[in-house]
Amino acid sequence: MLNKMMQIVMVGLLMVGLSACKSTTVSRVDTDTVQDLSGNWNDTDSRLVSSRMVADLMTQSWLGKYQVANGKNPVVIVGEVRNLSHEHINTRTFISDLEMALINSGEVEFVASSQERQDIRDERADQMDNATLATQNLAGKELGADYMLKGQINSIFDAAKDTQVKYYQVDLTLISLADNRKVWIGQKKIKKVLESGMFR
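Under this note's numbering, the first residue of the sequence shown is numbered 6, with each subsequent residue one higher.
Quick look at the structure:
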């Protein structure tokens, strides 16, 4: 009986020792650090693609033509960006990166998305009932967008023996809300090669 108890205690101590060996180490790194662990679409891809595509968008002729014709910067809104790739991609973070790059360009005015506008309209309606007349923001003064930026993310996956290739293509289109003209089409491609040991 004592021998059996000793065996149970020894097994318990061994289990505790093994679990202690599997501790997790966490280290903080700069958010601009490139860490491609799986080869999937990641924060670096989102940031680089959005900044480069917006930089191209801002150098094309549509912008100068609008500014000369209207004497002001165009108003832009980002619409839907669809994920048609073979993996889960959080397009909301990509849209946020696009919005930040557009605003920081200083070349366009920017308006809130449809969901954000609805939240703001609800707040205005609440102000009509509860805020003082001097501090109410009235409806009917919204800034309308001149252009909508929308697009999609596609991917191709290929594998042979110990090598995988992941290819991403991001297509964005800027469309005039006045007449549905496509005034700019941009495309950015990313190709990643994964060698044996990076995947199962």
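From the three backbone atoms N, C-alpha and C, an ideal C-beta is built for every residue, glycine too.
Can you tell me whether residue 68 is helix, strand or coil according to DSSP?
DSSP places residue 68 in the helix class (H, G or I) of the three-state scheme.
Mapping the DSSP letters down to three states, classify residue 87 as helix, strand or coil.
In the structure shown, residue 87 sits in a strand (DSSP, three-state: E or B).
According to DSSP, is residue 109 helix, strand or coil?
Residue 109: helix per DSSP, three-state reduction.
Do residue 200 and residue 168 have their C-beta atoms closer together than 7 angstroms?
Going by C-beta atoms, residue 200 is nearer than 7 angstroms to residue 168.
Any chance you could list the alpha helix (DSSP H) runs of at least 4 consecutive residues sitting entirely within the stretch 105 to 185, in chain order?
If we require 4 residues or more, the alpha helix (DSSP H) runs fully inside the stretch 105 to 185 come out as 119 to 135.
Taking the C-alpha atoms as reference points, what is the distance between residue 62 and residue 135?
If you take the alpha carbons of residue 62 and residue 135, they lie about 43 angstroms apart.
Between the Cα of residue 110 and those of 163, 182, 72, 60, spot the shortest distance and give me the residue it belongs to.
Measuring from the Cα of residue 110, the nearest candidate turns out to be 60.
Start and end of the beta strand (DSSP E) containing residue 196?
187 to 200 is the span of the beta strand (DSSP E), which, as asked, contains residue 196.
Using only alpha-carbon positions, find the residue among 68, 82, 70, 69 that is nearest to residue 149.
Among 68, 82, 70, 69, the Cα nearest to that of residue 149 is on 82.
Checking the sheet assignment: what are the DSSP bridge partners for residue 81?
Its beta-bridge partners are 115, 152.
Out of curiosity, what's the CA-to-CA distance linking residue 130 and residue 85?
About 27 angstroms.
Less than 6 angstroms between C-beta atoms, sequence neighbours within five positions excluded: which residues of the same chain meet that for residue 144?
Sequence-distant Cβ neighbours of residue 144 in its own chain, meaning closer than 6 angstroms and more than five residues away, are 129.
Determine the DSSP secondary structure at residue 94, reduced to helix, strand or coil.
Residue 94: coil per DSSP, three-state reduction.
Can you tell which of 122, 79, 93, 112 has the C-alpha that lies nearest to the C-alpha of residue 159?
Nearest option by C-alpha distance: 93.
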